[in-house]
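First comes the structure, then the notes that go with it.
Residue numbers (this note's numbering): 3 to 103.
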């Protein structure tokens, strides 16, 4: 495993998300912002990242995530994207809207 990748994997998944969708959209997605008029910009980058990981990299991510207590939205996003065959932004939005509306 490269040093760059190793250091990157030590960061919480929310840091990955903020790189892909931007910090304001991340706050909205994670429910830390009450402004529901903001929208996420459509991107496949996070989906591509999740699907580019090897089985062992995904396992490492899950193990690292389990070190933090409580329910984590970024793990829910990861699981959702991992199960998808193709990126469907509306499905992702609906999946999170049910829990936060």
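For every residue, glycine included, the Cβ atom is placed at its ideal position computed from N, Cα and C. Predicted model only: the values in this text are computed from it and were never measured.
Query	Result
Cutoff 6 Å; reference residue 83; Cβ partners in own chain excluding five residues on either side	49 and 52
Whole-Å CB distance - residue 63 paired with residue 80, under 8 Å assumed	7 Å
Beta-carbon contacts of residue 88 that lie in its chain and below 6 Å, excluding the five residues immediately before and after	none
Residues near residue 46 by beta carbon distance below 8 Å, same chain, minus five either side	89
Element boundaries [alpha helix (DSSP H), containing residue 59]	57-68
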